[in-house]
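*Asks:* Residue numbers (the working numbering): 650 to 714.
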């Protein structure tokens, strides 16, 4: 099952559905919290990705595991 991408143009309902789908997959595959941010971030494109980058979150590749 491939998680959907999210570009931020579909509105609040689409965001809620995307988040629900991502959380379902995280539970299904036992994804730990440290990987959830990295995986979700990779499904953001367009305006959603630009927003993510604009808030100044440390890229997951720089997290120490």
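Even for Gly, the Cβ is constructed at its ideal location relative to N, Cα and C.
(1) Whole-angstrom Cβ separation of residue 700 and residue 657, contact assumed at under 8 angstroms?
(2) Just to confirm, is the Cβ distance from residue 664 to residue 675 under 8 angstroms?
(3) Drop a sphere of 10 angstroms on the beta-carbon of residue 689, count the other beta-carbons inside from all chains shown, and report buried for 16 or more, exposed for fewer.
(4) Can you tell me whether residue 697 is buried or exposed, with buried defined as 16 or more other CB within 10 angstroms of its CB?
(5) Which residue marks the beginning of the alpha helix (DSSP H) containing residue 658, and which one marks its end?
*Replies:* Let me spell this out:
(1) 6 angstroms
(2) no
(3) buried
(4) buried
(5) Residue 658 -> no alpha helix (DSSP H), and no H or E assigned at all.
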